[in-house]
DNA sequence: GACGGATTGGACAATTGTGTCCAAAATATT
DNA sequence: AATATTTTGGACACAATTGTCCAATCCGTC
């Protein structure tokens, strides 16, 4: 039996067998699309990586355009779910705000921003957004459209409780995310795989600067 | 006489007319590569956009790989030059640090970060970096490798003069750039063309937060 | 106006990719 | 064990692309 390239989620064993191949295809397609872009990705390459015959891809997912759409939809779901799972741990009533916000930030980095799904999405949307406008709309809605307001709402709550001093929560949310992601993005851009061990430091750096800017002045 | 990809940017006017077409080709190629990626870009599309016959591209620039390399080298030069031109206006001994740093930030946004050249580079390096490792190295050296340390040095200078309180200038530089670019990046990602009129506001937002975090405490 | 290098457009072979068809084989269902 | 469904791999037509060749043409210079 062939194995899939799935470094990701769930109990495949309980699904109908067709779904296994389907998942293998989607994972392989995500990899190849990410590496080669839409134009550069060939169905053959995807089939080979998925350990599946090319025909099976056409049977299950139709043509290349549709395959691409399904992959994006799938990854959008996964990525969004991961983000909101972490968001549930936001420290709305912290004892020690620096410590707890740092911990939360580290989780966000690990589970959401670092996450291969989310990175793939951002890249693909940037590269291929013009080619698939509806897709782009969907991503916009589920990505920035929901994540930033959600963070902003949590920050506003902290401000309302007197933990922070924030005029514009939406702006603060964007700045918080920017501070958090900067080192990760830098590493990504210079092609460096960020070691797990540095993530806590990144979270601490971002949180410290953020709190210095938004902590209440005595 | 064939010319190699060695020489790029100099006073074009004194050159034979062939260099005009060469520039047209490079600009068109940059556009098409940016839109379609390396794999998706066809020489024909580039030729059509440049208003030039396909053969001329092969005459002047050889095959697709070399064309791509020359384009990246060209854009790297332009982008780097633009950045350092703005950097020369950094307020090393400001009277009113908030005002002057805001102005500088606005210039940086307009001339360097907003700049189509730089955006194209980042995108292409992210997408095609794996395919052309030497290119990637060059970009790394001239991009992040020089820009961030340069900003860090200016910030350290401000700190040394007592305008700021900075433990880690390199970190502060990354955070400054992150704060500066966040809204622009957000707009880019949701496919919104940032209006010129909002850039000053972005610069002000970033600068205010940065100074709140790094201004000396009384 | 004649020369020479650059440019053009069209034809070309080779390669690669898409999407379909189909019969044989593997796998699941009953 | 018999049957239904999926999967496979190979063949195929069709289109797009790369890179080359070449004769006709343009255009600036002498």
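Residue numbers (our numbering), protein chains in the order written: chain F, 1 to 218; chain R, 219 to 436. Glycine included, every Cβ here is placed at the ideal spot set by N, Cα and C.
Nearest-angstrom Cα distance between residue 376 of chain R and residue 311 of chain R? Taking the second chain and counting its residues from 1, the one referred to as residue 376 of chain R is at position 158. Taking the second chain and counting its residues from 1, the one referred to as residue 311 of chain R is at position 93. Roughly 7 Å separates the two Cα atoms.
Counting contacts by CB-CB distance shorter than 8 Å, is residue 341 of chain R in contact with chain F? In the second chain, residue 341 of chain R corresponds to position 123, counting from 1. It does: the Cβ of residue 341 of chain R has a partner Cβ on chain F nearer than 8 Å.
Using a Cβ distance threshold of 8 Å, determine whether the stretch 142-151 of chain F contacts the stretch 362-369 of chain R, with at least three qualifying pairs required. no
Does DSSP put residue 40 of chain F in a helix, a strand or coil? Numbered from its first residue, the first chain carries residue 40 of chain F at position 40. DSSP places residue 40 of chain F in helix when its eight states are reduced to three.
DSSP state of residue 82 of chain F mapped onto helix, strand, coil: Indexing the first chain from 1 puts residue 82 of chain F at position 82. Of the three classes helix, strand and coil, the one that applies to residue 82 of chain F here is helix, per DSSP.
Taking the Cβ atom as the reference point for each residue, do residue 242 of chain R and residue 280 of chain R lie within a distance shorter than 8 Å? The sequence position of residue 242 of chain R within the second chain is 24, counting from 1. The sequence position of residue 280 of chain R within the second chain is 62, counting from 1. Result no, Cβ atoms of residue 242 of chain R and residue 280 of chain R do not sit closer than 8 Å.
Residue 75 of chain F versus chain R: which residues are under 7 Å apart at the beta carbon? Working through the first chain from its first residue, we reach residue 75 of chain F at position 75. Here the premise fails: no neighbours, minimum Cβ distance about 16 Å.
Start and end residues, alpha helix (DSSP H) containing residue 157 of chain F: In the first chain, residue 157 of chain F corresponds to position 157, counting from 1. Element bounds for residue 157 of chain F: 144-160.
So, is the C-beta of residue 241 of chain R closer than 8 Å to a C-beta in chain F? Taking the second chain and counting its residues from 1, one reaches residue 241 of chain R at position 23. Output row for residue 241 of chain R: interface = no.
Measure the alpha-carbon distance for residue 255 of chain R versus residue 343 of chain R and round it to whole angstroms. Walking along the second chain from the start, residue 255 of chain R turns up at place 37. Walking along the second chain from the start, residue 343 of chain R turns up at place 125. If you draw a straight line from the Cα of residue 255 of chain R to the Cα of residue 343 of chain R, it is about 10 Å long.
In the DSSP assignment, find the unbroken alpha helix (DSSP H) run with residue 203 of chain F in it and report its ends. One-based indexing of the first chain puts residue 203 of chain F at position 203. Unbroken alpha helix (DSSP H) run through residue 203 of chain F: 196-214.
Mind checking residue 298 of chain R: buried by the 16 CB within 10 Å criterion, or exposed? For the purposes of this step, residue 298 of chain R is taken as residue 80 along the second chain, with counting starting at 1. It counts as buried.
Could you have a look at residue 68 of chain F and say whether DSSP puts it in helix, strand or coil? Counting from 1 along the first chain, the entry for residue 68 of chain F is found at position 68. Helix.
Report the neighbours of residue 381 of chain R on chain F: residues whose CB is nearer than 9 Å to its CB, in chain order. The residue given as residue 381 of chain R occupies position 163 in the second chain. The contacting residues do not exist; residue 381 of chain R stays about 16 Å from chain F at best.
Does the stretch 63-73 of chain F come within contact of the stretch 31-48 of chain F, defined as at least 3 CB pairs closer than 8 Å? yes
Would you say residue 432 of chain R and residue 382 of chain R are within 8 Å of each other, going by their C-beta atoms? Taking the second chain and counting its residues from 1, one reaches residue 432 of chain R at position 214. Taking the second chain and counting its residues from 1, one reaches residue 382 of chain R at position 164. Yes. Within cutoff.
In chain order, what residues of the same chain lie with their CB nearer than 8 Å to the CB of residue 17 of chain F, ignoring the 5 residues before and after it? Indexing the first chain from 1 puts residue 17 of chain F at position 17. Its pLDDT being 47, under 50, residue 17 of chain F is placed unreliably in this model, and the value from its coordinates should be taken loosely. Here the set comprises nothing.
Considering only residues of the same chain and omitting the five flanking positions on each side of residue 353 of chain R, which have a CB-CB separation below 7 Å? As a working mapping, residue 353 of chain R is identified with position 135 in the second chain. Answer for residue 353 of chain R: 287, 290, listed in chain order.
Is residue 294 of chain R closer than 8 Å to residue 345 of chain R when the C-beta atoms are compared? Along the second chain, read from residue 1 onward, the residue named residue 345 of chain R stands at position 127. Along the second chain, read from residue 1 onward, the residue named residue 294 of chain R stands at position 76. No, these two residues do not count as a Cβ contact at 8 Å.
Pairs of beta-carbons, one from the stretch 384-397 of chain R and one from the stretch 300-311 of chain R, closer than 8 Å: are there three or more? no
Quick check on the burial criterion: 16 or more other C-beta atoms within 10 angstroms. Buried or exposed for residue 28 of chain F? Taking the first chain and counting its residues from 1, the one referred to as residue 28 of chain F is at position 28. Counting other Cβ atoms within 10 Å of its Cβ, residue 28 of chain F reaches 16 or more and is therefore classed as buried.
If you compare alpha carbons, which of F:111, F:177, F:160 is closest to residue 205 of chain F? Here residue 205 of chain F is taken as the residue at index 205 of the first chain, counted from 1. Among F:111, F:177, F:160, the Cα nearest to that of residue 205 of chain F is on F:177.
Coil, strand or helix - residue 94 of chain F by DSSP: As a position in the first chain, residue 94 of chain F is number 94, starting the count at 1. In this structure, residue 94 of chain F counts as coil in the three-state DSSP scheme.
C-alpha gap between residue 274 of chain R and residue 334 of chain R, whole angstroms: In the second chain, counting from the first residue as 1, residue 274 of chain R sits at position 56. In the second chain, counting from the first residue as 1, residue 334 of chain R sits at position 116. Each residue's Cα considered, the two are about 26 Å apart.
Answer yes or no: does any C-beta atom of chain F fall closer than 8 Å to that of residue 254 of chain R? Sequence index remark: in the second chain, residue 254 of chain R carries index 36 (1-based). Yes, its Cβ sits closer than 8 Å to a Cβ of chain F.
Can you name the residues of chain F whose CB is closer than 9 Å to the CB of residue 335 of chain R? Your numbering for residue 335 of chain R matches position 117 in the second chain. By Cβ distance, chain F contributes nothing, its closest Cβ being about 16 Å from residue 335 of chain R, past 9 Å.
Could you tell me whether the Cβ of residue 313 of chain R comes closer than 8 Å to any Cβ of chain F? Within the second chain, the letter at position 95 stands for residue 313 of chain R. No, residue 313 of chain R does not count as interfacial toward chain F.
By a C-beta neighbour count over all protein chains shown, 10 Å radius and 16 as the cutoff for buried, is residue 252 of chain R buried or exposed? Residue 252 of chain R sits at position 34 when you count from the first residue of the second chain. Flag for residue 252 of chain R reads buried.
Would you verify that the beta carbon of residue 404 of chain R is, or is not, closer than 8 Å to some beta carbon of chain F? Here residue 404 of chain R refers to the residue found at position 186 of the second chain. Chain F contact via Cβ: present.
Alpha carbon to alpha carbon, what distance is there between residue 89 of chain F and residue 113 of chain F? Along the first chain, one-based indexing puts residue 113 of chain F at 113. Along the first chain, one-based indexing puts residue 89 of chain F at 89. Computed Cα separation, rounded: 16 Å.
Against residue 66 of chain F, what residues of chain R qualify as contacts under a CB-to-CB distance less than 9 Å, listed in chain order? Position 66 of the first chain, counted from the first residue, corresponds to residue 66 of chain F. What residue 66 of chain F touches in chain R: nothing, since even the nearest Cβ is about 18 Å away.
From the beta carbon of residue 5 of chain F, is the nearest beta carbon of chain R less than 8 Å away? In the first chain, counting from the first residue as 1, residue 5 of chain F sits at position 5. In this predicted model, residue 5 of chain F has a pLDDT of only 33, less than 50, meaning its place in the structure is not dependable enough to derive any value.
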